[in-house]
Structure formats: structure tokens, C-alpha cells
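Q:
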Amino acid sequence: MRFTVAIDGPAAAGKGTIARAVAAHFGFAHLDTGLLYRAVGIKGGDPVAAARALTLNDLQRDDLRSLAAGEAASRVAALPEVRRALVAFQREFARREGGAVLDGRDIGTVICPAAEVKLFVTASSEIRARRRWLEAGGAAAPESLEEVLEQVRSRDARDMGRADAPLRPATDAIILDTSELSIEAAVRRAIERVAARLSRR
Ligand code: DC
100 MRFTVAIDGP AAAGKGTIAR AVAAHFGFAH LDTGLLYRAV GIKGGDPVAA ARALTLNDLQ
160 RDDLRSLAAG EAASRVAALP EVRRALVAFQ REFARREGGA VLDGRDIGTV ICPAAEVKLF
220 VTASSEIRAR RRWLEAGGAA APESLEEVLE QVRSRDARDM GRADAPLRPA TDAIILDTSE
280 LSIEAAVRRA IERVAARLSR R
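By the count of my numbering, the sequence shown reaches residue 300 at its end, each step adding exactly one.
(1) Look up G236 in the DSSP assignment and say whether it is helix, strand or coil.
(2) Hey, R204 and D258: beta-carbon distance below 8 Å or not?
(3) Cβ-heavy atom distance between I282 and the ligand DC below 7 Å?
(4) For the ligand DC, is there a heavy atom less than 7 Å away from the beta-carbon of I206?
(5) Quick check for students: name the residue ranges of the beta strand (DSSP E) that lie wholly in the segment 123-147, counting only runs of 3 or more.
(6) Of all Cβ atoms in chain D, is any one closer than 8 Å to the Cβ of A262?
(7) Runs of 3 residues minimum, wholly inside the segment 159-214: which ones carry the beta strand (DSSP E) assignment?
(8) In whole angstroms, give me the CA-to-CA distance for G197 and P109.
(9) Return the CA-CA distance between G207 and A148, expressed in angstroms with no decimal places.
(10) Residues bridged to D107 by DSSP?
(11) What are the boundary residues of the alpha helix (DSSP H) that D255 is part of?
(12) Please name the residue or residues paired with D276 in a DSSP beta bridge.
(13) Compute the beta-carbon to beta-carbon distance between F102 and E234, rounded to the nearest angstrom, for a pair I have assumed lies under 8 Å.
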């Protein structure tokens, strides 16, 4: 069976948690596509060459989740040639046998416009910044809440403002706003949507 769940949204909205939970619930494979851009960004050198040569091994680095890797990713992700070099890998993953969940920024709009289920997970920038800040240690974090909010806003502006594959919901995406919804409730809603679509096959 081939079945694709596309999950898009801004940083720290909860899409990774939802993607992992949906994949685990249905036994689908999961690809966090942000890791591809992070691996390219952190590799240094020519980003287009790095994107073309990317292997699964590059996704195993343990520094990919750092703030620096996120920043570097957001920069290289604005380069059309980098994005193009990563399309085939993502599409092959999406159509693998047994079902797949991909989370990112352009999965429902560009990579898998025919995905069986499209979700757009979002939350206000203040709430996302607070989550990031608490994850980093809250009052003990190296950065203040205001600094984290500033980073969230500038990353959003870059991801939404770029000319190639900007972050936006597909017209047929289901919007899950986790400002008002707990992550658990959002996971439940996502699972219900996928189950409903699977039952129509
Ligand atoms: O989801 P993340 O924080 O790991 O993503 C890091 C950066 O990569 C993000 O700022 C935008 C970019 N990205 C993208 O442009 N397209 C994707 N499908 C995934 C991530």
C-alpha cells in the first residue's frame, strides 16, 4: 500500500511530534525533511554540491538539531538548486510501500501535492518561542525569551518570504492550530483524519 501523509508548518508548532505519533500509530515510515536542509547547511562548502551528494548517513549526525544547524538550514533552503536536488529523495520516500509521513514546509504544496492527507500545523509565534525557550531550560536557557522570539520571527519571515516553495498551507490542507489545542489533542485529531481517509480506500 502507498499512502502519504504530508505535514507542514513553522518551527516549533508541534509538527514533528504529530508526525512521529501518526507514523507510530499506523506503522508508517517517517521522514523529518528539515534534517535534509540541516545536514546540507551544516556541511559547509558548496550547498548545491552537498545537497546532490547527500546520503542517509549525513542524517545521522548528532549536531543536526542545534540552533546553528537550524539557522544554516533556513539559509540554504532558500536556494532553488538546493531544493531541486532534494526533491527526488523525498518523493521516493513518500511513495514507499507501507505508507509514509513527511514533515516540513513544502510537502503538501510542492513535494507531494497528491498526498492522501495534508495537515498544516501552526501556533502563534509567542507560543512557539515559549516552547523553544522552555525546552532550552527556561530561565536557565542561554538565551532570553525575547531573543528566542526574535529568532522564531526572523526564521518565519525567511521561510514564508522566499520565492521558491515558501511556507504556506496547501489549499486542501487541514489546519491544526496548537495555540489553542494541546499537542495530545492535535495528535488525536491528526490520527482521526488519517484513519478516516484510510477507511475510504
Ligand atoms: O523543521 P526544521 O526546523 O528542522 O527546518 C529547518 C529549516 O529547513 C527551516 O528553517 C526551513 C527549512 N526547511 C524547508 O525549507 N523545507 C522543508 N521541507 C523542511 C525544512
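Even for Gly, the Cβ is constructed at its ideal location relative to N, Cα and C.
A: Considering the structure as presented:
(1) G236: coil per DSSP, three-state reduction.
(2) Cβ distance < 8 Å, so R204 and D258 count as in contact.
(3) No, Cβ of I282 sits at least 7 Å from all heavy atoms of the ligand DC.
(4) Judged by the Cβ position, I206 qualifies as a neighbour of the ligand DC at the 7 Å threshold, a heavy atom of the ligand being closer than this.
(5) As summarised for the segment 123-147, the continuous beta strand (DSSP E) elements at least 3 residues long and confined to that stretch are 128-131, given in chain order.
(6) The structure shown has no chain D; it contains just one protein chain.
(7) 199-203, all fully within the segment 159-214.
(8) Distance between the alpha carbons of G197 and P109: 27 Å.
(9) Answer to the nearest angstrom: the Cα atoms are 26 Å apart.
(10) By DSSP's assignment, D107 forms a beta bridge with G203, F219.
(11) Run containing D255: 244-260, per the alpha helix (DSSP H) assignment.
(12) Answer is T221, bridged to D276.
(13) Taking the Cβ atoms as the reference, F102 lies roughly 31 Å from E234, outside the contact range of under 8 Å.
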